Amino acid sequence: MVKVKWLGHSAFEIKSGEFTLLVDPFITGNPQANCAVEDICADYILLTHGHGDHVGDGFAIAKKCDATIIAPNELAVYAGQKGLKTHPMHIGGAFEFPFGRVKLTPAFHGSAIVEEDGTIVYTGMPCGFLIDIDGKTIYHAGDTGLHAEMMFLGDFEDIELALLPIGDNFTMGPRDAAIAVDMIDPKIVVPMHYGTWPPIDSSPEDFADMVDTEGVEVKIMKPGGVLEI
Ligand code: NI
Ligand code: MN
16 MVKVKWLGHS
26 AFEIKSGEFT
36 LLVDPFITGN
46 PQANCAVEDI
56 CADYILLTHG
66 HGDHVGDGFA
76 IAKKCDATII
86 APNELAVYAG
96 QKGLKTHPMH
106 IGGAFEFPFG
116 RVKLTPAFHG
126 SAIVEEDGTI
136 VYTGMPCGFL
146 IDIDGKTIYH
156 AGDTGLHAEM
166 MFLGDFEDIE
176 LALLPIGDNF
186 TMGPRDAAIA
196 VDMIDPKIVV
206 PMHYGTWPPI
216 DSSPEDFADM
226 VDTEGVEVKI
236 MKPGGVLEI
């Protein structure tokens with residue numbers, strides 16, 4: 016069994032057996048987060064891209080817990096230069112980790128870290144993650160617009176759970192995300208990356224109404240909520 020907890024925005028904790036993974040653990044400054052960074056630890060931290068609302072507390076948690084950061088190469092190199100344990104990957108590549116398999120998918124977006132002095136450090140291509148764990152495939156799309164490569168996921172992957180941004184402005188909005196659901200054909204879809212701030216204040220109920228793909232269950236989670244798959 017896999018336990019998937021939504022921490023708000025695009026942050027998820029995925030637990031299976033002895034392993035805990037975090038994806039895009041943005042807690043500090045996340046108005047939706049109702050947990051404390053001190054209470055969170057992980058074995059692996061997966062980062063889709065360098066934006067602050069995704070790297071979030073990832074580096075601090077990685078340091079505290081001696082976790083390995085899994086990220087696109089340039090972002091992983093950046094993390095490595097900060098003294099963290101990393102496993103660099105890139106789009107289209109997969110790797111078998113002790114907890115399961117991870118493959119990086121394309122995401123149409125940007126990726127950069129803004130340093131304290133305002134310097135922008137570009138951190139390569141953003142990505143999504145296909146995570147095969149305990150016999151289930153989870154797709155975390157990262158931040159992305161709708162793109163045709165999502166059709167490959169529907170054709171060649173058997174996705175149990177898709178985590179899709181619906182907030183609009185920076186990513187897909189509800190309508191495009193509903194089209195993505197049709198392409199990906201997951202068993203369950205959870206909307207994310209909405210309601211955190213005014214520009215991405217789209218409605219998950221609108222999204223649920225627009226999903227008309229047969230056999231797909233839309234689960235609107237609450238921050239701190241857990242889904243068992
Ligand atoms: Ni972003
Ligand atoms: Mn974002």
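The opening position of the sequence shown corresponds to residue 16 in this note's numbering, with each subsequent residue numbered one higher.
By construction, the Cβ of each residue, glycine as well, lies at the ideal position given by its N, Cα and C atoms.
Predicted model only: the values in this text are computed from it and were never measured.
Rounded to whole angstroms, the Cβ separation of residue 165 and residue 198 is 4 Å, and the two are in contact under 8 Å. If you draw a straight line from the Cα of residue 50 to the Cα of residue 190, it comes to about 31 Å.
Three or more Cβ pairs closer than 8 Å define a contact, and the segment 146-157 falls short of that threshold against the segment 89-97.
Counting of Cβ neighbours within 10 angstroms places residue 137 among the exposed residues, the total staying below 16.
In this structure, DSSP gives residue 155 an extended state, which the three-state scheme calls strand. Counted as a single uninterrupted DSSP element, the stretch harbouring residue 147 is not any alpha helix (DSSP H) but the beta strand (DSSP E) occupying residues 142-148.
In the structure shown, the three-state DSSP call for residue 130 is coil. In the DSSP annotation of this structure, residue 181 is not part of any alpha helix (DSSP H), being labelled neither H nor E. The nearest non-hydrogen atom of ligand 1 is 6 Å or more from the C-beta of residue 132. For residue 135, the number of other beta carbons within 10 angstroms of its own is below 16, and it is reported as exposed.
Within the segment 35-87, the complete beta strand (DSSP E) runs of at least 3 residues fall at 59-61 and 83-87. For residue 175, there is no enclosing beta strand (DSSP E), as DSSP marks it with neither H nor E. Relative to residue 207, the option among 200, 224, 201 and 187 whose CA is nearest is 187.
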